[in-house]
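Working notes for the structure below.
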Amino acid sequence: MMTLSEAEDYLGRVLAALDTAGLKPGTLDVPDTDELAENGIHVAPSAVLTWPASHPRIDADLYGAGLLAAWSCETGWCHAALRPDGSNESRTALGLPVLAEPGQVALAVARVALGRFADDPVLVLTDGTAHGWQRRLAHSDDPAGWIAHARDAGYLEAMLAALGDPMDDAQARGDDLEAAEQLRAVSWAVDRLTHRRDALVVALKARGLSWAELARLTDADEPDPARLRTKVRRRHEAGLRRAGLLPLGEHGAAFEAVMVAQIIAAVRRGDTAGSELLVDQLLRESTDPAATEARIQAAISQAHHA
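Number 900 marks the last residue of the sequence shown (the numbering used here); no jumps.
Here you go:
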């Protein structure tokens, strides 16, 4: 069973995510399971969080007396409407893993707080013709909230507009503002889809696909077999690094050392844009960006004093 200290560490990260999302709870109750155990009462670590109906991110019509979210290391996360007497209506699971990522918890709470439940669509796509084709994406299709973010940020429209432009024409049909929004949206999507592509390479390799099969799926237009194999293996390593499955003592540390050397060389050349691009690439590949950034800064500082 999870210890109280471990539970408090997890809940602390959840609280930080909720605070970032503008959902700092009004109350938080975490029973002292260690003290209870001393009295012969053994229970699993748990917590109850509440928000008043006056909270700006709570639908007061839906939660007239407030909202409750509860967690247990045995049953996971659930929510319920509060009653005026302080009790609550029947609880409903949030549909998350027991130790869901803090950001996922914050997103799920934000949805129910506004009355958006798991059976509500995130996005509905139709072709607008008599055939009536429709694709309905529910919250269960978007557990991390990326589709909802792309929708709310206007990225979906901008990405589709960019995709509709002639692919190899170095022009933009929209005005400067529209073209800038397209570039921002496409860059956002490419970054996340690159991560997902590499994760799929790792997953399918683990399921038995050969390097040749993976290469054909990722780079069907690459004519050079040697380059094809190299590219798919690099993508596999990138996926492993992001998942924390590639030991730093092996390729991970070697990759970082090479990248840091290139960053320092760019700094010495006065190539600020080039060094920032390399730093950004390394941080995207890192499983611990904060620690990696600290090592980069230390290496640059040491190079300046060398």
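Note that the Cβ used here is the ideal one computed from N, Cα and C, for glycine as well.
The model shown is predicted, which means the values in this text are computed figures rather than measured ones.
Quick check: what's the CA-CA separation for H898 versus I857?
13 Å
Would you call D746 buried or exposed, if buried means 16 or more other Cβ atoms sit within 10 Å of its Cβ?
exposed
When the Cα atoms are used, what is the spatial distance from D762 to G748?
24 Å
I think I890 touches V854, with their Cβ atoms under 8 Å apart; what is that distance to the nearest whole Å?
6 Å
Express the C-alpha separation of A674 and E751 in angstroms, rounding to a whole number.
35 Å
Which parts of the segment 726-785 are runs of the alpha helix (DSSP H), unbroken and 4 residues or longer, counting only runs that do not cross its ends?
740-746 and 749-758
Could you check whether the segment 811-825 touches the segment 777-786, counting it as contact only if at least three pairs of C-beta atoms, one from each stretch, sit closer than 8 Å?
no
Among L708, V703 and D736, whose alpha-carbon lies nearest the alpha-carbon of V718?
D736
Spatial distance of L612 from A663 (CA atoms):
12 Å
Option nearest A773 by Cα separation, candidates A756, P619 and H789:
A756
Between which two residues does the alpha helix (DSSP H) containing S599 stretch?
L598 to T614
Spatially closest choice to G620 from D626, E629 and L609, by CA coordinates:
L609
Tell me the residue span of the alpha helix (DSSP H) that contains G833.
P819 to R836
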